[in-house]
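Q: Please see the structure below; I have some questions.
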Amino acid sequence: MAQNPQKKKRSWIWILLFILLNVGILLWTGISEMNRKNSGAADLEDVEIRWIFFVLAFLCFLVILFSEAGKYYSLIRQLTGKKDWGTSLKLTIYGRYYDNITPSGSGGQPFQILYLKRHGMSDGASLAIPVYAFLLLQIGFALPALFVFVFLGGLFTVPALKVTAYIGLACFSLVPLLVILSAAFPKAMGKIVMAVLRGLAAIRLIKDPETKGARVLQQLQEYSDAINYINRHRRLTLEMFLLSVLYHLGRTSLPFFILRAFGGNVSWAVVMVSMFFIHSAIAIIPTPGGAGAAEASFYLVFAELPDSGLVFWAMLVWRFLSDYIFILSGIALTAFEYAQEKMKARRMARRKKR
C-alpha cells in the first residue's frame, strides 16, 4: 500500500526538525564547553585521560547489556526449557535499537514480539516474554527512583529538572500502576479508561474513542496476564526485578566512569542520583531515545558540578555507550540476519533444482 504523499512529507519534515534539534544542541553544548573556565573542548590536550576508567565504563556497559539479556534468558528458559543466550542478546539489541529510533521509545517491544513469533516461538510465549520483561523494567526503575527522590534528592541541585523529573516519574509509573489496578479491578478500570477517552473525545483531543479504548483495554489485559504470571512465579519475578534494578544502576553509574576518564573528580552518589533525575525528566520527551533532551540535560547538570572534567566529551561517549552503540549494533544485526536469510533461501533454491 502506497504511503500518503502528505504523510510522507510530514514525516520528512519531522526527521529534518529532529536532526536540526540535535545539531543545535550539540553546537550549544560545544560552545558552552569552550567557554567554561579550567575546562572545555579547547583544553582537551591539556587533560590527562584516565584510560582505566574507560575500561571500567565498558565493563559497566557489559553489566547493562547482560543484566537486560539475563531477563530474556530466564524467561525463555522458564517458558520453553531452552538455554538460549544468543536469542536473549538479540532481543536486547533489537529492543534498544527500536526504542532509540521510534518516538517515545515505543518500538522495541512490538518488534520483539514479532521477532519471537518469526523464530518459531508460540504466540503466548512471544507475547509474554517482552511484556513481562518490560513491566519489570518499569517497576525496576520506578521503585529505586522513588527511593532516590525521597531520601537522596538533596544531592541533586537543578530545580527546573527536579520538577520535570517528578512529572516524568509519575508518567513512567503510570503503566505499572494501571496494570496492577486493572489486574485487581478489571471491570472498574475498563469503565474508567473508557470514560476518560470519551471525555477527551468530547473536547476534541482524540478521535474514535471506542477503537482507542479497545486497544488500551487489550494492552491492559496483556499486562494483567503478565501480573498473574508474576503471582505464580515469584522466585522468577524476584530474579527479574533484581536484574532490572542492576540494569538501571548500571545506566545511572556509567557517566561516573566516563566523567572520571575525562579528568573529573566527581562523587559516584551524586552522579547516580543525578542520572535518576535526568532519566525521569526525559521520560516525557517524545523524541526517539530522548534525543536532544538527554544531551542537554546531561550537560546542564554536570557542567555545573565543580571539577567535573570535560563534560562535552563525556556526554558524547556516554550517549554512545548508553544508546548509539545499540543503534549501530541493531543495524549490523539486521544486515547480518538479512544476509543469512538470503543465503539460506539460495541454498534451498539450489537443492530444489537438483
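Per the working numbering, the sequence shown runs over residues -3 to 350. We treat Cβ as the ideally placed atom computed from N, Cα and C, and that holds for glycine. Since the model is a prediction, treat every value here as computed from it, not as a measurement.
#1: DSSP state of Glu337, grouped into three classes?
#2: Is it true that the CB of Ala161 sits closer than 9 Å to the CB of Asp274?
#3: For Leu216 versus Val189, is the C-beta spacing smaller than 9 Å?
#4: Spatial neighbours of Leu52 within its chain, please: C-beta separation below 6 Å, excluding the five flanking residues on both sides.
#5: For Arg346, I'd like the list of residues in its chain whose CB is within less than 7 Å of its CB, leaving aside the five on either flank, ordered along the chain.
#6: Mapping the DSSP letters down to three states, classify Leu324 as helix, strand or coil.
#7: Buried or exposed: where does Arg92 fall if 16 or more other Cβ atoms within 10 Å of its Cβ makes it buried?
#8: With distances taken Cα to Cα, identify the nearest neighbour of Ile176 among Gln134, Val154 and Val192.
#9: Going by beta-carbon coordinates alone, are Phe298 and Ala310 separated by less than 9 Å?
#10: Hey, would you say Tyr68 sits closer than 9 Å to Thr88, going by beta carbons?
#11: Quick check: the region 262 to 269 against the region 144 to 158, are there 3 or more CB pairs under 8 Å?
#12: Of the choices Pro155, Phe57, Leu110 and Val159, whose alpha-carbon is the least far from that of Ile280?
#13: So Tyr128 and Leu71 are in contact, right, with Cβ under 8 Å, and what is the actual spacing, rounded?
#14: Residue ranges of each alpha helix (DSSP H) run of no fewer than 4 residues wholly in the region 116 to 177, ordered along the chain?
#15: Over what stretch of residues does the alpha helix (DSSP H) that includes Ile89 continue unbroken?
#16: In the structure shown, what three-state DSSP assignment does Glu44 receive?
#17: Return the residue from the list Arg194, Gly259 and Ala210 that minimises the CA-CA distance to Lys203.
A: Judging by the given coordinates:
#1: For the purposes of this step, residue 337 is identified with residue 341 of the sequence shown, where counting begins at 1. In the structure shown, Glu337 sits in a helix (DSSP, three-state: H, G or I).
#2: As a working note, residue 274 is residue 278 in the sequence shown. As a working note, residue 161 is residue 165 in the sequence shown. Here residue 274 turns out to be Ile, not Asp, going by the sequence shown. Closer than 9 Å, so yes.
#3: Along the sequence shown, read from residue 1 onward, the residue named residue 216 stands at position 220. Along the sequence shown, read from residue 1 onward, the residue named residue 189 stands at position 193. It is a contact, given that the beta carbons lie within the stated cut-off.
#4: Locating residue 52 in the sequence shown gives position 56, counting from the first residue. These residues qualify, in order along the chain: Phe253.
#5: As a position in the sequence shown, residue 346 is number 350, starting the count at 1. Sequence-distant Cβ neighbours of Arg346 in its own chain, meaning closer than 7 Å and more than five residues away, do not exist here.
#6: The sequence position of residue 324 within the sequence shown is 328, counting from 1. Reduced to three states, the DSSP call for Leu324 is helix.
#7: What you label residue 92 is simply residue 96 of the sequence shown in a count that begins at 1. Result: buried.
#8: Within the sequence shown, numbered from 1, the residue matching residue 176 stands at position 180. Ile176 has its Cα closest to that of Gln134, out of Gln134, Val154 and Val192.
#9: Reading the sequence shown from its first residue, position 302 is the one you call residue 298. Reading the sequence shown from its first residue, position 314 is the one you call residue 310. Their beta carbons are under 9 Å apart, which means Phe298 touches Ala310 by this criterion.
#10: Locating residue 68 in the sequence shown gives position 72, where the first residue counts as 1. Locating residue 88 in the sequence shown gives position 92, where the first residue counts as 1. Yes, the Cβ-Cβ distance between Tyr68 and Thr88 is below 9 Å.
#11: yes
#12: Here residue 280 is taken as the residue at index 284 of the sequence shown, counted from 1. For the residues Pro155, Phe57, Leu110 and Val159, the minimum Cα distance to Ile280 belongs to Val159.
#13: In the sequence shown, the residue the question calls residue 128 occupies position 132. In the sequence shown, the residue the question calls residue 71 occupies position 75. That pair is a contact at about 6 Å.
#14: If you keep only unbroken alpha helix (DSSP H) runs of at least 4 residues inside the region 116 to 177, you get 119 to 147.
#15: Translated into the one-based positions of the sequence shown, residue 89 becomes position 93. Taken as a continuous stretch (DSSP letters only), the alpha helix (DSSP H) holding Ile89 covers Trp81 to Ile97.
#16: For the purposes of this step, residue 44 is identified with residue 48 of the sequence shown, where counting begins at 1. Residue state, collapsed to three classes: coil.
#17: Here residue 203 refers to the residue found at position 207 of the sequence shown. Nearest of Arg194, Gly259 and Ala210 to Lys203, Cα basis: Arg194.
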